[in-house]
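Chemist: Heads up: the sequence shown begins at 2 in this note's numbering, then just goes up one per residue. From the three backbone atoms N, C-alpha and C, an ideal C-beta is built for every residue, glycine too.
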Amino acid sequence: MKRLFIVCLFLIFAFQNEGITQVNKAKHVILIGFDGLGSYAIPKATMPNLNKLMESGSYSMEARTVLPSSSAVNWASMLMGAGPTAHGFTEWGSKTPEILSHEVTKYGIFPSIFSLIRDQIPIAKTAVIFTWEGIGYLVEQEAIDLVHNSESEELNIAKAIEVINKGETTFMFLHLSEPDGVGHNIGHDTPEYYKELETVDAKIGQLIDAISAAGKTDDTIILLSSDHGGVNKGHGGKSLDEIYIPWVISGPGVKVNHEIKDLIMTYDTGATIAWILGLDMPKSWRGKPVEDSFNSF
């Protein structure tokens, strides 16, 4: 009887931890950020690769930015697992915190997913590849193995594919500036904006194909999101077209063709990546893992 009891406990434990085992199969996490990609546009856009990514994983079109719904404050929140009153970056083009950060790492800014990885998994390799130079002020560059900045999205895609092919990087953040440029210069919700989304979708396809060609599909989690949407030629306001952003995740352990109903804030992205990688999160982080996107754990 005692032996049967022990076996039952073992089976219960194994069942409860099945999802964790699946998540831990992910050896690589890639965060793709498209600047200015508003959720409002996706149902009206021609984006077959994004649709396939959603069908193969979990998604929400009602994830929310922090306010203001603009760039630096939201990229910082996404990577730092907390909102602007904690990390201190509060404006579109923040280069240094306008509010005193609650805490700073040895790298001089509020803890991000990059310093968590460096401090807790020293052997892990990380990369940040970005188009908008403002990203460089929001990451702890000394904690990152590869920092690559180019105004050319084509060169950045090529560098990202190079990283994928090498297969050594645990976490990569790829920032791309479009469709934000079209949104500012011509306007959101315009024919030109939707045309640009076809180009955005082609880039998603390039990255998915590269992961497949490298034989990394079964151990790579892709997470795709944005910093804000837009109205007319601007953003930063409180409208849903500005604050609703896509949140899409696909890979081992992720539910298939699943719409996430839970509230997602952009700072939950950093928390979800930390959870996938088994990292302890700082007490100052306010994000929580989007556990509904994963199979039972």
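1) Compare the beta carbon distance of SER71 and TRP93 with 8 Å and say whether it is the shorter of the two.
2) Can you tell me where the beta strand (DSSP E) with ILE250 in it begins and where it stops?
3) Using the three-state DSSP reduction, which class does THR127 fall into: helix, strand or coil?
4) Can you tell which of GLY34, SER285, SER61, GLU197 has the C-alpha that lies nearest to the C-alpha of MET79?
5) Out of ASP293, VAL201, HIS259, which one is the CA nearest neighbour of ASN50?
6) Is the Cβ-Cβ distance between SER254 and GLY271 less than 8 Å?
7) How should GLU141 be labelled, buried or exposed, when 16 other C-beta atoms within 10 angstroms of its C-beta is the threshold for buried?
8) Are the region 195-210 and the region 179-187 touching, with three or more C-beta to C-beta distances below 8 Å?
9) Roughly how many whole angstroms lie between the Cα atoms of GLU163 and THR171?
10) Can you check whether the CB of LEU32 is closer than 8 Å to the CB of PHE174?
11) How many Å lie between ILE100 and PHE111 at the Cα?
12) Measure the alpha-carbon distance for ALA214 versus LEU224 and round it to whole angstroms.
13) How about GLY84 and GLY252: do their beta carbons lie closer than 8 Å?
14) If you check the beta carbons only, do GLY230 and ILE246 fall under 8 Å apart?
15) What does the alpha-carbon distance come out to for the pair TYR195 and VAL183?
16) Taking its Cβ as the centre, do 16 or more other Cβ atoms sit within 10 Å of ASP281, making it buried, or is it exposed?
17) Can you give me the start and stop residues for the beta strand (DSSP E) that GLU63 sits inside?
18) Using only the alpha-carbon positions, how far apart do ASP242 and ASN157 sit?
19) Which term fits ILE205, buried or exposed, when burial requires 16 or more other beta carbons within 10 angstroms of its beta carbon?
20) How close, in whole Å, do the beta carbons of ALA128 and ASN166 come, if the pair is a contact with beta carbons under 8 Å?
21) In this structure, does DSSP put GLY235 in helix, strand or coil?
22) For ILE130, count neighbouring C-beta atoms within 10 Å of its own C-beta (all shown protein chains included) and say buried if the count is 16 or more, exposed if not.
23) Decide if PRO283 is buried, meaning its Cβ has at least 16 other Cβ atoms within 10 Å, or exposed.
24) Determine the extent of the alpha helix (DSSP H) in which SER226 is found, giving its start and end residues.
25) Comparing C-alpha positions only, which one of GLY39, LYS26, HIS29 sits nearest to SER240?
26) DSSP state of THR86, grouped into three classes?
27) Ignoring anything shorter than 4 residues, give me the alpha helix (DSSP H) runs that lie fully in the region 108-156, in order along the chain.
28) In the DSSP assignment, find the beta strand (DSSP E) that holds HIS176 and state where it starts and stops.
29) Quick check on GLY89: buried or exposed, where buried means 16 or more other Cβ atoms within 10 Å of its Cβ?
30) In its own chain, which residues sit with a C-beta less than 6 Å from the C-beta of ILE274, not counting the 5 before and 5 after it?
31) Measuring only the C-alpha atoms, how far is VAL24 from THR221?
Modeler: Quick look at the numbers:
1) It is a contact, given that the beta carbons lie within the stated cut-off.
2) Note, ILE250: beta strand (DSSP E), 245-251.
3) Looking at THR127 - three-state DSSP - the assignment turns out to be strand.
4) Nearest of GLY34, SER285, SER61, GLU197 to MET79, Cα basis: GLY34.
5) Closest by alpha carbon: VAL201.
6) The question names Ser, but residue 254 is Gly in the sequence shown. Not a contact, by the Cβ cut-off of 8 Å.
7) GLU141 comes out buried.
8) Enough Cβ pairs lie closer than 8 Å, so yes.
9) Approximately 14 Å between the Cα atoms of the pair.
10) Taking 8 Å as the Cβ cut-off, PHE174 and LEU32 qualify as a contacting pair.
11) ILE100 and PHE111 have their alpha carbons spaced roughly 11 Å apart.
12) The straight-line gap from Cα to Cα measures roughly 19 Å.
13) The Cβ atoms of GLY84 and GLY252 do not sit closer than 8 Å to each other.
14) Contact: yes.
15) A straight line joining the alpha-carbon of TYR195 with that of VAL183 spans about 9 Å.
16) It is exposed - the Cβ of ASP281 has fewer than 16 other Cβ atoms within 10 Å.
17) Start and end: 59-65.
18) A straight-line Cα-Cα distance of about 28 Å links ASP242 and ASN157.
19) Classification of ILE205: buried, given that the 10 Å Cβ count is 16 or more.
20) Contact between ALA128 and ASN166 does not hold, since their C-beta atoms are separated by about 13 Å, which reaches or exceeds 8 Å.
21) DSSP, reduced to helix, strand and coil, places GLY235 within a strand of the structure shown.
22) Classification of ILE130: buried, given that the 10 Å Cβ count is 16 or more.
23) Classification for PRO283: buried.
24) Annotation: SER226 is outside any alpha helix (DSSP H); the continuous beta strand (DSSP E) that includes it extends over 221-226.
25) Of the residues GLY39, LYS26, HIS29, the one whose Cα lies closest to the Cα of SER240 is GLY39.
26) Three-state result, THR86: helix.
27) Listed in chain order, the complete alpha helix (DSSP H) runs (minimum 4 residues) inside the region 108-156 are 114-121.
28) Unbroken beta strand (DSSP E) run through HIS176: 170-177.
29) Buried is the call here.
30) Hits under 6 Å: VAL30, ILE114.
31) Its pLDDT being 47, under 50, VAL24 is placed unreliably by the model, and nothing is read from it.
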